[in-house]
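Accompanying notes for the structure given below.
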Amino acid sequence: MIQSASWEPELCLSNSFLLHDVAEPVAPLILASPHSGRAYPQSFLGQSRLDLISLRRSEDAYVDLLFEAAPSWGIPLLCAQFPRAYCDVNRYAWELDPGMFRERLPEGSLTNTAKVRSGLGMMARIAGPGRGIYRHQLPVSEATQRIASCWLPYHEALEGMIERCRSRFGTCFLLDLHSMPTIPHLRLPDIILGDLHGTSCAPEIVEGVAHRLGSQGFSVGLNRPYAGGYITERYGTPDRQVHVIQVEISRRLYLDEPTIRPSPDFASLRARLEDALSGIIELAGAFRAYRKPCDNRCIG
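In our numbering, the protein residues as written are 883 to 1182.
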């Protein structure tokens, strides 16, 4: 049973992430939830012209709770605690809008990517449907601080998980967990898997995950409109035996989106995802059995 306090946002940030590690993992599978953090620093709230509920619209709300049983099954789970609007670890560290800052950004910053132009760089310019977050321009030191306190620790933790998994099993399979908002007049599948159009994960794994989700009654799409972000791109290297799939779950399945509260369907969705995860754990174990580390001539 999830405690009701788990639904509530925190108005301080004490830890950048929670790593629910396991001493004896049962398969070469790890889970990560980079956008479900709901601990809002007071300094950030003071900088924002938006209220808390508006800031929270960018969260992948409660995705961490949908999968919190995984460690009890022998699968580690990494969860960001900071909100996506504060620091988005699914972006390059210096992928930033220069108009947000009083000073010039460091040389080499990525200032003209599609994500930056849409207002969704490492530090988001907007939240929800195009609403500007900040009251005024920020010092570049604010970006430096968020990278040091949030972005780097999260990626260091994720890298450590991947390397431990690969060292133990010879391969690693990461599910990067997200949720997607309802888009008016567009009916998307229940779940969209992203493998960067076949480059971040062996195709037989993607097919196996889709099959196990489909067996639980989910409609499953691939890559459109969510093919994967920075995490999928950075870590998905099948030739090094690291396979990454971005998983986008429709919020209409579990969330009252206007209030950002769990809907009555939350528990049933969680149970269905747990049943699917059980099959994915078996898939990962079988993949270990027939797909061993190999030289650079191997694919996947």
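No residue lacks a Cβ here, since even glycine has one placed at the ideal position from N, Cα and C.
Report back the beta-carbon spacing between residue i and residue j to the nearest angstrom; my notes put them in contact at under 8 Å.
i     : j     : result
I1073 : H1125 : So it is not a contact: roughly 18 Å between Cβ atoms.
Q1123 : C1054 : 7 Å
Q924  : M982  : Not really, about 20 Å apart at Cβ, beyond 8 Å.
L911  : I1162 : 7 Å
R1046 : G1003 : Rounded, the Cβ-Cβ distance is 30 Å, inconsistent with contact.
P958  : R920  : 21 Å between Cβ atoms; not a contact.
R1154 : Q1098 : 5 Å
Sort out for me which residues DSSP pairs residue i with in a bridge.
i     : result
V1129 : L1059, L1075
A921  : E892
T1119 : V1124
I1008 : G1014
V1102 : I1073
S930  : Y1016
A914  : L960, D1058
D1138 : R1143
I1065 : L1068
Excluding the five sequence neighbours on either side, which residues of its own chain have a C-beta within less than 7 Å of the C-beta of residue i, listed in chain order?
i     : result
R1179 : With a pLDDT of 37 at R1179, under the threshold of 50, the modelled position of this residue cannot be trusted; read the value that follows with caution. Counting only Cβ-Cβ distances below 7 Å, and skipping sequence neighbours, we find nothing.
L1135 : D1072, D1147, L1151
L1059 : L913, A914, S915, V945, F949, V1129
L900  : C961, Q963
K997  : R973, E977, G1003
S888  : L947
F1100 : D1072, I1073
Identify, in the order they occur along the chain, each residue of the same chain with its Cβ nearer than 6 Å to the Cβ of residue i, setting aside the five sequence neighbours on each side.
i     : result
L1095 : I1073, V1102, A1158
S1000 : none
F926  : Y968
G1182 : Confidence in G1182 is poor, its pLDDT being 34 and thus under 50, which makes the residue's placement unreliable; the coordinate value appears in the next sentence. Answer for G1182: A1084, P1120, listed in chain order.
L1104 : L1075
L1165 : G1090
Q885  : For Q885, the predicted structure reports a pLDDT of 48, less than 50, and the residue's modelled location is therefore unreliable. A value from the coordinates is still provided. So the list is empty, once near-sequence residues are dropped.
R938  : I1142
Report yes if the C-beta distance between residue i and residue j is below 8 Å; otherwise report no.
i     : j     : result
A909  : G1167 : yes
S918  : D942  : yes
A1006 : S898  : no
I1127 : V1091 : yes
P907  : R1050 : yes
S1132 : M1062 : yes
G1010 : S936  : yes
L1078 : E1041 : no
T1064 : E1156 : no
L1034 : I1044 : no
Is residue i near the ligand COA - that is, is its Cβ less than 7 Å away from at least one heavy atom of it?
i     : result
F1148 : Absent from the structure shown: the ligand COA. Ligands present: none.
By Cβ distance, which residues of its chain are closer than 8 Å to residue i, with the 5 residues on each side in sequence left out?
i     : result
D1177 : Reliability of the predicted coordinates at D1177 is poor, the pLDDT of 43 falling under 50, and the value obtained from them is presented with this limitation in mind. Hits under 8 Å: none found.
S991  : W976, E977, L978, P980
L1137 : A943, Y944, S1061, R1143, P1144, S1145, F1148
| query | Would you call the region 951-966 and the region 976-986 in contact, with 3 or more CB pairs under 8 Å? | reply | no
| message | With three or more beta-carbon pairs closer than 8 Å as the criterion, would you say the region 987-1000 touches the region 929-943? | response | no
| field | At least three beta-carbon pairs within less than 8 Å, the region 957-970 to the region 1021-1041 | value | yes
| message | Can you confirm whether the region 1061-1076 touches the region 1102-1113 when touching is taken to mean that 3 or more C-beta pairs between the two stretches lie within less than 8 Å? | response | yes
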